[in-house]
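Chemist: Residues in the sequence shown are numbered consecutively from 47, following my numbering. Handing you this structure, nothing more for now.
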Amino acid sequence: MSAIALRQVDKIYEGGGRLVTALDHIDLDVAQGTFAAILGPSGCGKSTLLNLVAGFEAPSAGAVTVFGQTVRKPGPQRAVVFQEAALFPWLSVWDNLVFPATIAGTPKAEYEDLARELIITVGLAGFEKHWPDQLSGGMRQRVGLARALLMRPQVLLMDEPFGALDAQTRLQMQELLLSVWERYRKTIVFITHDIDEAVLLADTVHVMSARPGRMQARIDIDLPRPRSIDLLMQDRFNALRREIFSLIRGAH
Ligand SMILES: Nc1ncnc2c1ncn2[C@@H]1O[C@H](COP(=O)(O)OP(=O)(O)OP(=O)(O)O)[C@@H](O)[C@H]1O
Ligand SMILES: [Mg+2]
Numbered sequence: 047m048s049a050i051a052l053r054q055v056d057k058i059y060e061g062g063g064r065l066v067t068a069l070d071h072i073d074l075d076v077a078q079g080t081f082a083a084i085l086g087p088s089g090c091g092k093s094t095l096l097n098l099v100a101g102f103e104a105p106s107a108g109a110v111t112v113f114g115q116t117v118r119k120p121g122p123q124r125a126v127v128f129q130e131a132a133l134f135p136w137l138s139v140w141d142n143l144v145f146p147a148t149i150a151g152t153p154k155a156e157y158e159d160l161a162r163e164l165i166i167t168v169g170l171a172g173f174e175k176h177w178p179d180q181l182s183g184g185m186r187q188r189v190g191l192a193r194a195l196l197m198r199p200q201v202l203l204m205d206e207p208f209g210a211l212d213a214q215t216r217l218q219m220q221e222l223l224l225s226v227w228e229r230y231r232k233t234i235v236f237i238t239h240d241i242d243e244a245v246l247l248a249d250t251v252h253v254m255s256a257r258p259g260r261m262q263a264r265i266d267i268d269l270p271r272p273r274s275i276d277l278l279m280q281d282r283f284n285a286l287r288r289e290i291f292s293l294i295r296g297a298h
């Protein structure tokens, strides 16, 4: 059974008296504990697809299931990480991290050890008492990632989480995410329009085409794990990125 499955999913928006088909007959399978990257140009429906899996929106047709259950609303088993970490400016790093756990009424004893572990895992040891405006963009995303993991989700949904970062910080965050995946083995759906990022991180890359958003191809990434950014210089990596590049170019 797939951890995440979309079957013949359509999403049609109505706005200003006209219909926009954001997703057209989308099929997608993500196996448990694997990392799927959704790659596509701006406006092809990537965020729409993620929002359907998150349960923020309902499909116009077709079925979205997570572990065999139809998605009807957001749930703690599916954590979402956006491009901006959206931290509360009046809360410290630590208080931001544990905020969702406290409002969920989780007893401190159930999350405190994991919170400490996550602070170390994401490289924020010593910054627990800092305020968000004292952090760089990469550090804010580290808090956002730790906050998502603290809820012990089975699925991590990430919508261009590194899209606003400079190239070097982005590489650091990609390496961090690789090590987080090794450690916690969540099922991840990761939205990006960066071919290198998709190939470096994912087990499967799902290429979407624009207007209306369709699934164009699925490429299995057979690069060995554990991975590091050293892969960016290897022949197999380059062969995969070339394959995906020509797929995308062929569609235009
Ligand atoms: N709430 C909405 N109402 C009307 N149209 C919408 C709505 N949300 C998205 N759309 C349309 O659906 C299409 C897909 O949008 P979506 O945000 O999913 O694209 P995307 O691939 O995430 O783009 P980007 O890479 O720029 O983030 C676009 O044409 C967009 O204008
Ligand atoms: Mg988007």
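The beta carbon of each residue, even a glycine, is placed where N, CA and C say it ideally should be.
Under 8 Å, do ARG186 and LEU133 count as touching if we go by C-beta distance?
Modeler: If you number the sequence shown from 1, residue 186 lands on position 140. If you number the sequence shown from 1, residue 133 lands on position 87. Closer than 8 Å, so yes.
Chemist: Could you work out which residue in SER93, ALA49, ALA82 is closest to ILE69 when comparing CA atoms only?
Modeler: What you label residue 69 is simply residue 23 of the sequence shown in a count that begins at 1. Ile is not the amino acid found at residue 69; the sequence shown has Leu there. That would be SER93, whose Cα lies nearest to the Cα of LEU69.
Chemist: Could you give the first and the last residue of the continuous alpha helix (DSSP H) run that contains ARG264?
Modeler: Within the sequence shown, the letter at position 218 stands for residue 264. Unbroken run through ARG264 is the beta strand (DSSP E), 260 to 266; no alpha helix (DSSP H).
Chemist: Whole angstroms are fine: how far does the CA of ALA147 sit from the CA of LYS154?
Modeler: Locating residue 154 in the sequence shown gives position 108, where the first residue counts as 1. Locating residue 147 in the sequence shown gives position 101, where the first residue counts as 1. Using only the alpha carbons, I get a separation of about 8 Å.
Chemist: I need the straight-line Cα distance from ILE265 to LYS175, nearest angstrom please.
Modeler: For the purposes of this step, residue 265 is taken as the residue at position 219 of the sequence shown. For the purposes of this step, residue 175 is taken as the residue at position 129 of the sequence shown. Whole-angstrom Cα-Cα distance: 43 Å.
Chemist: Looking only at its chain, what residues have a beta carbon closer than 8 Å to the beta carbon of ASP22, apart from the 5 residues adjacent to it on each side?
Modeler: Past the edges of the chain, shown from 47 to 298, lies residue 22, and the structure says nothing about it.
Chemist: Between which residues of its own chain and VAL126 is the CB-CB distance below 6 Å, once the five residues before and five after are set aside?
Modeler: What you label residue 126 is simply residue 80 of the sequence shown in a count that begins at 1. Excluding sequence neighbours, VAL126 sits near ALA100, LEU203.
Chemist: For the beta strand (DSSP E) that THR250 lies in, which residues bound it at each end?
Modeler: For this step, residue 250 is matched to residue 204 along the sequence shown. Taken as a continuous stretch (DSSP letters only), the beta strand (DSSP E) holding THR250 covers 250 to 255.
Chemist: Near ligand 1, which residues have their beta-carbon less than 6 Å from any of its heavy atoms, given in chain order?
Modeler: That query returns the following residues: TYR59, GLY61, VAL66, ALA68, GLY86, SER88, GLY89, CYS90, GLY91, LYS92, SER93, THR94, HIS239.
Chemist: Hey, would you say VAL168 sits closer than 8 Å to LEU191, going by beta carbons?
Modeler: Walking along the sequence shown from the start, residue 168 turns up at place 122. Walking along the sequence shown from the start, residue 191 turns up at place 145. Closer than 8 Å, so yes.
Chemist: In terms of DSSP beta bridges, what is TYR59 paired with?
Modeler: Locating residue 59 in the sequence shown gives position 13, counting from the first residue. Its beta-bridge partners are VAL66.
Chemist: So does ASP268 have its beta carbon nearer than 7 Å to some heavy atom of ligand 2?
Modeler: Taking the first residue of the sequence shown as position 1, residue 268 is located at position 222. Outside the cutoff, so no.
Chemist: Thinking just about the alpha-carbon of each residue, which of ALA263, LEU74, ASP205 is nearest to the one in THR111?
Modeler: Numbered from 1 along the sequence shown, position 65 holds the residue referred to as residue 111. Taking only the C-alpha atoms, the option nearest THR111 is LEU74.
Chemist: Should ASP205 be counted as a contact of ligand 2 given a C-beta to heavy atom distance under 7 Å?
Modeler: Within the sequence shown, residue 205 is the residue found at index 159, counting from 1. Result yes, Cβ under 7 Å from ligand 2.
Chemist: Assuming ALA248 contacts ALA83 (C-beta within less than 8 Å), just tell me the rounded distance between them.
Modeler: Position 202 of the sequence shown holds residue 248. Position 37 of the sequence shown holds residue 83. Going by Cβ atoms, the distance from ALA248 to ALA83 rounds to 4 Å, so yes, they are a contact pair.
Chemist: Indicate the three-state DSSP secondary structure (helix, strand or coil) for LEU202 in the structure shown.
Modeler: Within the sequence shown, residue 202 is the residue found at index 156, counting from 1. Strand at LEU202.
Chemist: The beta strand (DSSP E) with THR238 in it runs from where to where?
Modeler: The count along the sequence shown starts at 1 and reaches residue 238 at position 192. In the DSSP assignment, THR238 falls within the unbroken beta strand (DSSP E) covering 233 to 238.
Chemist: With DSSP run on the structure shown, which of helix, strand or coil describes ARG327?
Modeler: There is no way to answer for residue 327, as the model of the chain reaches only from 47 to 298.
Chemist: Under a three-way DSSP split, which group does LEU247 fall into?
Modeler: Position 201 of the sequence shown holds residue 247. Note: LEU247 maps to helix in three-state DSSP.
Chemist: Along the chain, where does the alpha helix (DSSP H) that runs through ARG295 open and close?
Modeler: As a position in the sequence shown, residue 295 is number 249, starting the count at 1. Note, ARG295: alpha helix (DSSP H), 281 to 296.
Chemist: In terms of residue numbering, what span does the beta strand (DSSP E) encompassing ARG229 cover?
Modeler: As a first step, residue 229 must be located in the sequence shown, where it is residue number 183. Taken as a continuous stretch (DSSP letters only), ARG229 belongs to no beta strand (DSSP E), being part of the alpha helix (DSSP H) at 213 to 230.
Chemist: What residue range does the alpha helix (DSSP H) around THR148 cover?
Modeler: Start at 1 with the first residue of the sequence shown, and residue 148 comes out as number 102. 139 to 149 is the extent of the alpha helix (DSSP H) around THR148.
Chemist: Which one or two residues does DSSP pair with THR111 in a beta bridge?
Modeler: Within the sequence shown, the letter at position 65 stands for residue 111. THR111 is bridged to ALA51, THR116.
Chemist: Thinking C-alpha only, which one of VAL139, ARG193, ALA194, HIS239 is nearest ALA210?
Modeler: What you label residue 210 is simply residue 164 of the sequence shown in a count that begins at 1. For ALA210, the nearest C-alpha among the options comes from HIS239.
Chemist: Buried or exposed for GLY91, please, with buried defined as at least 16 other CB atoms from any protein chain shown within 10 angstroms of its CB.
Modeler: To locate residue 91, count along the sequence shown from 1; it is residue 45. GLY91 is buried by the Cβ-count criterion.
Chemist: Would you tell me roughly how many angstroms separate the C-alpha atoms of GLN78 and THR250, rounded to the nearest one?
Modeler: Taking the sequence shown and counting its residues from 1, one reaches residue 78 at position 32. Taking the sequence shown and counting its residues from 1, one reaches residue 250 at position 204. If you take the alpha carbons of GLN78 and THR250, they lie about 12 Å apart.
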